[in-house]
Amino acid sequence: MGLISKLRSWSHELTPYFIYLLFVATLGPLLFGYHLAELNAPQDVITCTKRSTDISTFTSLPQCIPMNSTQIGLVSSIFTLGGLVGALFSGFLAAKYGRLLVMRVNTLLLAVGPIVEALAPNLGLLAVGRLVSGIGAGVSVVVVPIYISEIAPPKERGFFGAFTQIMTNMGIFITQLLGYFLSHGQMWRVILAVAGAIGVLQLLGLLFSVDSPTWQADHGDAREAKANLKRIRGHKADISEEVAVWRVHDDGNVDEEQTPLVDEDQTAVQRVKQEAVGIISVLRDSTHNRAILAVVLVMMAQQLCGINSIIMYGVSLLADLLASNSALLNILVSILNVVATTAFAPLADILGRKICILASIAGMGVSSIMLAVGIRSSIPVLSAISVLLFVASFAFGLGPVPFILANELVGPEAVGATQSWALAANWISTFVVAQFFPMVNEQLGKGVVYFIFAGVAAVFWVIVFWYVPETMGKRDADEVWGRNPRRED
32 MGLISKLRSW SHELTPYFIY LLFVATLGPL LFGYHLAELN APQDVITCTK
82 RSTDISTFTS LPQCIPMNST QIGLVSSIFT LGGLVGALFS GFLAAKYGRL
132 LVMRVNTLLL AVGPIVEALA PNLGLLAVGR LVSGIGAGVS VVVVPIYISE
182 IAPPKERGFF GAFTQIMTNM GIFITQLLGY FLSHGQMWRV ILAVAGAIGV
232 LQLLGLLFSV DSPTWQADHG DAREAKANLK RIRGHKADIS EEVAVWRVHD
282 DGNVDEEQTP LVDEDQTAVQ RVKQEAVGII SVLRDSTHNR AILAVVLVMM
332 AQQLCGINSI IMYGVSLLAD LLASNSALLN ILVSILNVVA TTAFAPLADI
382 LGRKICILAS IAGMGVSSIM LAVGIRSSIP VLSAISVLLF VASFAFGLGP
432 VPFILANELV GPEAVGATQS WALAANWIST FVVAQFFPMV NEQLGKGVVY
482 FIFAGVAAVF WVIVFWYVPE TMGKRDADEV WGRNPRRED
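The opening residue of the sequence shown carries number 32 in the working numbering; numbering runs sequentially from there.
1. In angstroms, rounded to a whole number, what distance separates the CA positions of L234 and L139?
2. Looking only at its own chain, which residues have a Cβ that is under 6 Å from the Cβ of V545, when we skip the five neighbours before and after it?
3. The alpha helix (DSSP H) with V471 in it runs from where to where?
4. Taking A437 as the reference, which of Q474, V511, T373 and L115 has the closest Cα?
5. Less than 8 Å separating the beta-carbons of G64 and G202?
6. Quick check: what's the CA-CA separation for S451 versus N71?
7. Helix, strand or coil: how does DSSP classify W497 here?
8. Can you name, in chain order, every residue of its own chain whose Cβ lies under 6 Å from the Cβ of Q474, other than the five neighbours on each side?
9. If we ignore side chains and look at the alpha-carbon of each, how far apart do V479 and E272 end up?
10. Nearest-angstrom Cα distance between G227 and I109?
11. Please list, in chain order, all residues of the same chain as F484 whose beta carbon is under 7 Å from its beta carbon, the five residues on each side excluded.
12. Kindly indicate the opening and closing residues of the alpha helix (DSSP H) around L436.
13. Can you give the Cα-Cα distance for N284 and K385, rounded to whole angstroms?
14. Using 8 Å for Cβ pairs, my map puts S365 next to F204. What's the rounded Cβ distance?
15. Assuming T111 contacts T461 (C-beta within less than 8 Å), just tell me the rounded distance between them.
16. Relative to the alpha-carbon of G216, which residue among F190, T80, G192 and M343 has its alpha-carbon at the smallest distance?
17. What are the boundary residues of the alpha helix (DSSP H) that L145 is part of?
18. What does the alpha-carbon distance come out to for the pair V463 and R254?
19. Could you compute how far the alpha carbon of M134 sits from the alpha carbon of Q102?
20. Quick check: what's the CA-CA separation for P60 versus F49?
21. Compare the Cα-Cα distances from F434 to each of A151, Q196 and M98 and report the closest residue.
22. Pull up the distance between the alpha-carbon of E439 and that of L328, whole angstroms please.
23. According to DSSP, is M395 part of a helix, a strand, or is it coil?
24. Taking 6 Å as the limit between beta carbons, can you name the residues of its chain near A379, skipping five residues before and five after?
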């Protein structure tokens, strides 16, 4: 099915309430992207490298916070450590207490962290605020992709799963745009504070949201699950096929009230309650080991191929070549990231997840070599084109696709724990790039590090080709891995 026919189909199938849930939930990933790039444009102003003659807007707070390169690296990377903490515990909590409850509680972190950042009078409190914001972001990028995958129409999970990355890119764009206009005086504090307002907005939106029907059915509340699925799909929608793939067993004695939304000629079913699998126990289960490794490897590839070297350090990286235009290039990169990810999103449901990832890694590898040559040879045009191709390649597959893999490679009882391990690997990889990229780039000479990124891309291309299975068109994890369906009596 082509993109045009898909859009026509979606215009009839998608409900306003589903669009509402999609938007509210993905405000979390938006804040992840926002915090990831919030220090990029105003870095020199925040660290007192550039001093402004503007009258202080917040007279009780210092205009800037003196920091050297090591300290700014710490403040940048501590966000990723917070993300690691949030990623590790949120999957199990979401599996045990529900996706919606965890997202609601998490908005407190998403609101408080930015407030602490914006009002920070010193390095310590700025770091604390970044840490709290990181925990909130870590929770979001684990729980939100699971939630979206479970409320999205089954045949379009790849497309709507990409909205995690689309909104992450939107957050990056917003903060880059604000940074371009507000990187003076104390206005950098406004950039940091805006994230808190978005956190409050998400909390209000989640008050009118429903939990994942899949999670509710998995925890024995089949009636509520079907009612919520009807609300998401529309009251005239046929949900029998979606209900049928929930792991169920026949039960001829089920109360009629428990199955009012299933076709009358269908055998009554009652969902078997599945206990949430913890982050330690999931490693001991041989059923899930291959899936965990596959998702972890793809998540590592997402970061270690070098995307955040551009997102977090693009302005300073290209400043020597492009002078004042480096900030504008970063805004253009952010716009391209949003547009390309949105445009390429349907391809995961057309070409397949694996093909998109492989093509993405290959494109990033080639672009890395071009960027290295452009920087080393001082060719601004080649460097600029390489950055744009690098980002477009990332948007083709490695950006959006990894977030939906966990939900397709394991059953619902283990998806939370699997996503936690996957995002933990992602955050550790992000920390490695955030902390060591400036150092390696300086020690080896500007641009040489992108030859390393190209080599890393080649290694991950081979790993994905041989090890990661295709999930498109498969009913569940059992079919993906060629196992007999697990049913309980």
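Just so you know, even glycine gets a beta-carbon here, dropped at the ideal spot from N, CA and C. Since the model is a prediction, treat every value here as computed from it, not as a measurement.
So, from the listed chains and residues:
1. 8 Å
2. Outside the displayed range of the chain (32 to 520) lies residue 545, so it cannot be described from this structure.
3. V446 to L475
4. V511
5. Yes. Within cutoff.
6. 27 Å
7. helix
8. The answer is none, since no qualifying residue turns up.
9. 53 Å
10. A direct Cα-to-Cα measurement between G227 and I109 gives close to 18 Å.
11. C336, G337 and S399
12. P433 to L440
13. Low local confidence applies: a pLDDT of 33 at N284 is under 50, so the model's placement there is unreliable, and no value is given.
14. 4 Å
15. Confirmed, about 5 Å.
16. Here the closest residue by C-alpha is T80.
17. Correcting the residue identity first, residue 145 is Pro in this sequence and not Leu. It spans R130 to A149 - the alpha helix (DSSP H) in which P145 sits, taken as one unbroken run.
18. 46 Å
19. 32 Å
20. Cα-Cα distance, rounded: 17 Å.
21. Taking only the C-alpha atoms, the option nearest F434 is Q196.
22. 15 Å
23. Secondary structure at M395: helix, using DSSP grouped into helix, strand and coil.
24. Shown here for A379: same chain residues with a beta carbon closer than 6 Å to its own, the five before and five after excluded, namely G189, C387 and V432 in chain order.
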